[in-house]
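Counting in the working numbering, the sequence shown runs from 992 upward without gaps. Step one of this worksheet: look at the structure below.
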Amino acid sequence: MFERLPAPFGLVRHGVAPDHQKLKEPIRIYEGIARTPGFQLFGNVTIGRDVSVDDLRAAYHAVLFCCGAETDRRLGIPGEDLAGSHTATEFVGWYNAHPDYRDRVFDLSQEVVAIIGQGNVAIDVCRILAKTVDELKHTDIAQHALDCLAESRIREIHLIGRRGPAQAKFTTKEFRELGELADCDPVVDPADLALNPASLAELEERAGSVAKKNLEVLKGFVTRPVRGARRRVFLRFLLSPVELQGGADARLAQVVLERNRLEGGSFQQTARGTGARVALQCGLLFRSIGYKGVTIPGVPFDAKQGVFPTRDGRILDAAGTGAPIPGLYASGWIKRGPTGIIGTNRADSLATVNSMLGDADSLNTGPKPGAEGLPTLQGGQAPRVVHYADWQVIDRAEVERGAPKGKPREKFTRVAEMLRLVDSTCS
Ligand code: NAP
992 MFERLPAPFG
1002 LVRHGVAPDH
1012 QKLKEPIRIY
1022 EGIARTPGFQ
1032 LFGNVTIGRD
1042 VSVDDLRAAY
1052 HAVLFCCGAE
1062 TDRRLGIPGE
1072 DLAGSHTATE
1082 FVGWYNAHPD
1092 YRDRVFDLSQ
1102 EVVAIIGQGN
1112 VAIDVCRILA
1122 KTVDELKHTD
1132 IAQHALDCLA
1142 ESRIREIHLI
1152 GRRGPAQAKF
1162 TTKEFRELGE
1172 LADCDPVVDP
1182 ADLALNPASL
1192 AELEERAGSV
1202 AKKNLEVLKG
1212 FVTRPVRGAR
1222 RRVFLRFLLS
1232 PVELQGGADA
1242 RLAQVVLERN
1252 RLEGGSFQQT
1262 ARGTGARVAL
1272 QCGLLFRSIG
1282 YKGVTIPGVP
1292 FDAKQGVFPT
1302 RDGRILDAAG
1312 TGAPIPGLYA
1322 SGWIKRGPTG
1332 IIGTNRADSL
1342 ATVNSMLGDA
1352 DSLNTGPKPG
1362 AEGLPTLQGG
1372 QAPRVVHYAD
1382 WQVIDRAEVE
1392 RGAPKGKPRE
1402 KFTRVAEMLR
1412 LVDSTCS
């Protein structure tokens, strides 16, 4: 297993919210796999930079890419990159101690925040902004983030969807949590519960659907008594950002939103602007509109979809002939695009591995050297490879650092400090 960071586990470590520790259970499965004879971890190794795909193919009979969707979709509107406008990815990486985002700065002195998008990532961002320090301090949230959140002056969080409540992407369990926060009230305009006929048909056609359950939660939010909590989350629908505008200091001052109506039949409804505009003054905005995969040199890439082109998990050649490249496979978001929860990706991986097993006879063209056949991992220029035993050193140190604070772990946030630790312990 090759991983560009010294720590394994990808999104489970750096994406799953710190207050959702149960969702980190797949780590136990990884730990079981790591004990399998023949398993090797090569952490701190970037494929396409430290090791080429051609070298990997020469060293192994099969190569499976599970590299996810590392970058973000863009809104494509004026002002998108103003100071104060961030991607959800940056914020999630920052509070989850991802080394790439360690030094990002978010102005939490702002009182009003907008979040664009209504998927589970938007909900995660919203919940972390809305929670009190007491609700977060015993999670594995990065200490630097907890310290900043402790000083937060945020009062209003606007969670903005371009379509209606029946089309919101969040799952019900996650949505319901917005009503269970210690010092934050959800706010819904009752008018938003009046659905158009196509949306009503969507709810009728799929009894027990997530949308139907979400609507029940939303109704509960409308009717519950207002507690006067310090913070409020405004659930806002049928609004698309059309421009982010800066103030005199060139920082984000407001987002201009266009009111939408829904067009199209049930399950096909898209948001269409009505021309009517409203402005929301806010100094901080998060774009949470989905991810996109990135290319790796040596692997065909579908730039439009942001995925590796595949059939049944087999990566297809770049010439567009539809022929699979022998020995190259993909699973997860780099195969299907950035949708689905952890369980979805598990089933997806099984399907790819079944394809690989089906190809086993044709792939077995004689012995291959494995990692020993990777020239760039040997010699003075080679990266400091983090093996599983090294990771276990980092893991134990993180757990020890967290214990006095009542946290499951205090993650290291810099690659250099993790490498220093393994060097001092293992050499
Ligand atoms: P997502 O579920 O696809 O949600 C993206 C949101 O962005 C949708 O509301 C979408 O609206 C909106 N959007 C897209 N383009 C837009 C635009 N140009 N303008 C305005 N809004 C736009 O993506 P995600 O939240 O990044 O989550 C990715 C996957 O990870 C999902 O499957 C999610 O369930 C999963 N996840 C799960 C958990 C969990 O289980 N706790 C936590 C985090 C993430 P439309 O619907 O109109 O396209």
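The beta-carbon is built from N, C-alpha and C at its ideal position, and this holds for glycine as well. Model, not experiment: these values are computed from the prediction.
Exclusion of the five residues before and after arginine 1227 leaves His1149 and Ile1151 as the residues of its chain whose Cβ lies within less than 6 Å of its Cβ. Distances from the CB of glycine 1284 to the heavy atoms of ligand 1 are all 7 Å or more.
Per DSSP, the beta-bridge partners of proline 1232 are Leu1248. Taken from the Cβ of lysine 1203, every heavy atom of ligand 1 lies 7 Å or farther away. Residue nearest to alanine 1220 within the set Lys1122, Arg1154 and Gln1245 is Lys1122 (criterion: CA-CA distance). For arginine 1153, the distance from the CB to the nearest heavy atom of ligand 1 is below 7 Å. Here the alpha carbons of valine 1042 and histidine 1089 stand approximately 22 Å from one another.
For glycine 1393, the enclosing alpha helix (DSSP H) begins and ends at 1379-1393. Ranked by Cα distance from phenylalanine 1030, the first of Tyr1379, Leu1412, Arg1405 and Asp1386 is Tyr1379.
A direct Cα-Cα distance of roughly 33 Å separates serine 1279 from glycine 1313. If you ignore the 5 residues before and after isoleucine 1132, its C-beta comes within less than 6 Å of the C-beta of Pro1009 and Tyr1086, all in its own chain and listed in chain order. Looking at the DSSP output, threonine 1301 bridges to Ile1306. Exclusion of the five residues before and after leucine 1137 leaves Val1124, Leu1127 and Lys1128 as the residues of its chain whose Cβ lies within less than 7 Å of its Cβ.
The Cβ atoms of phenylalanine 1097 and histidine 1077 lie closer than 8 Å to each other. Annotated as proximal: leucine 1184 and valine 1213, with beta-carbon spacing under 8 Å.
In the DSSP annotation of this structure, the continuous segment of the alpha helix (DSSP H) that includes alanine 1121 starts and ends at 1111-1121. No Cβ-Cβ contact shorter than 8 Å links leucine 1253 with leucine 1276. If you check the CB distance, alanine 1262 and leucine 1229 come in under 8 Å.
Arginine 1242 is bridged by DSSP to Ala1074. Inter-residue distance for glycine 1289 and methionine 1347 is about 20 Å (C-alpha atoms, whole angstroms).
Taken from the Cβ of arginine 1327, every heavy atom of ligand 1 lies 7 Å or farther away. Comparing C-alpha distances from valine 1003 to each of Arg1337, Thr1416 and Ser1190 shows the shortest one belongs to Arg1337. Under DSSP, threonine 1261 shares a beta bridge with Glu1254. In the structure shown, histidine 1149 falls within a strand segment according to DSSP collapsed to helix, strand and coil.
Contact between proline 1017 and isoleucine 1333 holds: their C-beta atoms lie close to 6 Å from each other, under 8 Å. The closest CA to that of threonine 1130, considering only Ala1407, Leu1412, Pro1395 and Ser1415, is found on Pro1395. Aspartate 1094 is classed as exposed because its beta carbon has fewer than 16 other beta carbons within 10 Å across all chains shown. According to the DSSP assignment, alanine 1136 belongs to the alpha helix (DSSP H) that extends over 1134-1141.
DSSP, reduced to helix, strand and coil, places glutamine 1369 outside both helices and strands of the structure shown, so it counts as coil.
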